[in-house]
Amino acid sequence: GKKVEMLWQKAMDHVVPVSGYGPLVLDATTPAVHAANQITIYKKAATLLQMHPRAIAIVVAGAVITWATCDPLSTRPQDRFEGYFSPDGENAFRRGEKHFSAILQEIDAHYRQRPVFVFGYSQMMRGLSYRSKRRVPTHFVLHFKGGMSLCRLVQAAGRAMGEQFTQLKNNGFDRVEILTLPHDFDAIRSYPDFLEAIKQKMDDGLSLEEALRERHAGKYKIFQDRTLNQKKLKLREIVNDLLEFEAPQPGELIGADAADRYLGTEGKGLGRAILEVLFDGGADEEENAITAADIVDELEFGDYDEHFAEDISETETSELLVLVRTELKSLCQPTPKREAALSQTAGRCHRYYINRAGFEKLPGRSNAPAAVENFLPPAVVRQLTDARANASNGEDGEEVGEMSQSGAAIDESSEEGGGGGSEEEGGEEEVGEEAHTEE
6 GKKVEMLWQK AMDHVVPVSG YGPLVLDATT PAVHAANQIT IYKKAATLLQ
56 MHPRAIAIVV AGAVITWATC DPLSTRPQDR FEGYFSPDGE NAFRRGEKHF
106 SAILQEIDAH YRQRPVFVFG YSQMMRGLSY RSKRRVPTHF VLHFKGGMSL
156 CRLVQAAGRA MGEQFTQLKN NGFDRVEILT LPHDFDAIRS YPDFLEAIKQ
206 KMDDGLSLEE ALRERHAGKY KIFQDRTLNQ KKLKLREIVN DLLEFEAPQP
256 GELIGADAAD RYLGTEGKGL GRAILEVLFD GGADEEENAI TAADIVDELE
306 FGDYDEHFAE DISETETSEL LVLVRTELKS LCQPTPKREA ALSQTAGRCH
356 RYYINRAGFE KLPGRSNAPA AVENFLPPAV VRQLTDARAN ASNGEDGEEV
406 GEMSQSGAAI DESSEEGGGG GSEEEGGEEE VGEEAHTEE
C-alpha cells in the first residue's frame, strides 16, 4: 500500500553518516512464497527493486535466502537482479549453508551505505538475528494475518528491537520505526509488560489464577483481536473468563487512540468516508442498512473526496469494493475503548448500519444528530436530490418517482453484482508510530 511505499522511500532518502551503514528495513506482511495469483515475498521484493534500483533486496524463505540489486557494482555482476530470485545463483544460500548475519555481513562489505530490505514472514518469528556487526534494523513493516497468535506477533516485533541503540545512532537513527495495525501496535507495546506484572504479583505470593483474576490496568486490554496460542487450547475463552480491565485512559493505548482519530470528524481515509456515507444516508438502524456496493456507488459518484487522504478517482470499482468490504469488516469489530462503530445484518449478503454506542465514542461524533432524508440509502438520496433540482428547473415531476423506484431497485440488487477478492488487500488503517529502543 501507499504507507509501505512511503516508508520505503523514507529509508531510501536517509542520509547515512560518513562512517555509518545504511538502513535495514524488515518486511513481514506477505505469507505467500510461491503462488501464481497472489502477491508473494518474491514479487514484493521485485516491486521494491523496480521502484528503487539501488536498493538491496533479501528474501528469507523457509529453505533458502537470496539477495540481489538492480544496480550492482561493476566488479560484482553476479549481484544483478535478472527479473527473478534464482535459488541456484551465487547469492542463494540453502538452509545451513550460511546464517543471515553472515550474508548481511558480506553485503555490508560491498554496499555499506545502500539501504537493505528484508522480506520474510514465518521466518521473522524464528530466533534468527536480523543484523550484522554494524547494521541493525531501522524500520519494520509488520502485518500478520488475523489467525496469527499474539505471542508470535510480539516475537516477530522483537526482531527489530534489542540492545542496538549505539549502532542506530552511529548510522544516523535515534529509534526504530514500525508500521503496523493499531491493535497490534498496542499489543507489541503492552504484552511484555503485562507478563512482567503477572510475574510480580506471583512473586508477591499470589497463585497464577489469583494474579490473573485481579483487575488490571486499561493499558493491558489488548487480548481481543488475536488468538493467544494454538486454537485447540481455547485460551481465548479462559482469558475472557479470568481477565478484567479498567477503562483505558487517553495515551495508554496509542494504536486505539490513533484508530479513533482516523474515524473521527477530523480524520481522513476510507473508514472516515464510509462512516460519512452511512451517516448522511441515515443508515443508523437495521431496517435502513445498506450494502457494500451501495457504499462504493456513493463513494464514486457522491461528494466525499474531502474525507479521503488519497485520491481514489483512478481506483477500479472492483478494487474499491474489495477495499470497502475489508474496511467494513474492521469497522464492525469492537476495540479496547469502545463498541464497534458499525453493525451488520445476518445472512450471506451483509448490509451495514451505524452502531450508535460505538460511533458516538469517536472524536467529534458524540450526540451526532440523526441524518434525515426519509432514511433512504445514500444512492437513492443522491438521485432524489438530482431529481428535485431537475423539477425546480421545470422538468416533468413524474421523473422523481421514476428515479426513486430505480434507486430502490439498485439498492436491492447491487450486492449480487459485487466483486470478490482477497481481504488481505487494503484493510484496517495502519499505525506508523515510532518505537524507541533503549540502550
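The working numbering puts the first residue of the sequence shown at 6, with every later residue one more than the last.
Ideal placement from N, C-alpha and C gives every residue a C-beta, glycine not left out.
For Tyr-358, the secondary structure class from DSSP, reduced to helix, strand or coil, is strand. Between Gln-349 and Arg-343, the C-beta spacing is not below 9 Å.
Taking the Cα positions, Lys-366 is about 16 Å away from Ile-259. Between Phe-190 and the set Gln-55, Phe-228 and Val-123, the nearest pair of CA atoms involves Phe-228.
Ser-127 is not a Cβ neighbour of Phe-105, given a cutoff of 9 Å. For Arg-139, the CB contacts under 7 Å within the same chain, skipping 5 residues up- and downstream, are Tyr-26, Asp-113 and Gln-172 in chain order. The beta-bridge partner set that DSSP reports for Asp-32 consists of Phe-124 and Val-146. Distances from the alpha-carbon of Glu-332 to those of Gln-254, Ala-252 and Gly-274 put Gly-274 closest.
Going by C-alpha positions, Phe-306 is about 34 Å away from Gln-55. Sixteen is the threshold: since fewer than 16 other Cβ atoms of the shown chains lie within 10 Å of the Cβ of Met-11, the residue is exposed.
Ranking Pro-255, Tyr-358 and Gly-6 by CA distance to the CA of Gly-286 puts Tyr-358 first. In chain order, Ala-37 place their CB closer than 7 Å to the CB of Gln-43, counting only its own chain and leaving out the 5 sequence neighbours on each side. Within the model, the alpha-carbon separation for Leu-347 versus Gln-338 is close to 8 Å.
By the Cβ rule, the segment 172 to 182 counts as touching the segment 14 to 22, because three or more pairs are nearer than 8 Å. One Cα belongs to Asp-76, the other to Arg-117, and the distance between them is close to 14 Å.
Arg-85 is not a Cβ neighbour of Thr-71, given a cutoff of 9 Å. A residue is called buried when at least 16 other Cβ atoms come within 10 angstroms of its Cβ; Lys-204 does not meet this threshold and is exposed.
When the alpha-carbon of Glu-249 is set against those of Phe-364, Phe-199, Gly-256 and Met-166, the nearest one is in Phe-199.
For Glu-249, the pairing in a beta bridge is given by DSSP as Arg-220. Note that the C-beta distance between Ile-63 and Phe-149 is not below 9 Å. The DSSP-derived three-state label of Ile-70 is strand.
Sorting Thr-52, Cys-156, Ile-183 and Gly-363 by C-alpha distance to the C-alpha of Ala-165 places Ile-183 at the top. Ala-97 has its alpha-carbon roughly 19 Å from the corresponding atom of Pro-58. Classified as exposed, Lys-7 has fewer than 16 neighbouring CB atoms from the shown chains inside 10 Å of its CB. Within its own chain, the residues whose Cβ lies closer than 8 Å to the Cβ of Thr-45, once the five positions on either side in sequence are excluded, are Thr-35, Ala-37, Val-38 and His-39, listed in chain order. Secondary structure of Ala-345 (DSSP, three-state): coil. In the structure shown, Phe-199 adopts helical secondary structure according to DSSP, grouped into three states.
Around the beta carbon of Asp-262, 16 or more other beta carbons sit within 10 angstroms, so the residue counts as buried. By the criterion of a C-beta distance shorter than 6 Å, Phe-145 is surrounded in its chain by Leu-31, Ala-165 and Ile-183, once the five residues flanking it on both sides are discounted. Going by beta carbons, Gly-272 and Pro-341 fall outside the 9 Å limit.
Looking only at Glu-102, Val-9 and Ala-351, the smallest Cα-Cα distance to Glu-291 is reached by Ala-351. If you draw a straight line from the Cα of Arg-330 to the Cα of Ala-297, it is about 6 Å long.
With a cutoff of 9 Å on beta-carbon distance, Val-327 and Leu-304 are scored as not near each other. DSSP places Leu-367 outside any alpha helix (DSSP H), giving it a letter other than H or E. Thr-322 has its alpha-carbon roughly 22 Å from the corresponding atom of Phe-284.
DSSP lists no bridge partner for Val-282.
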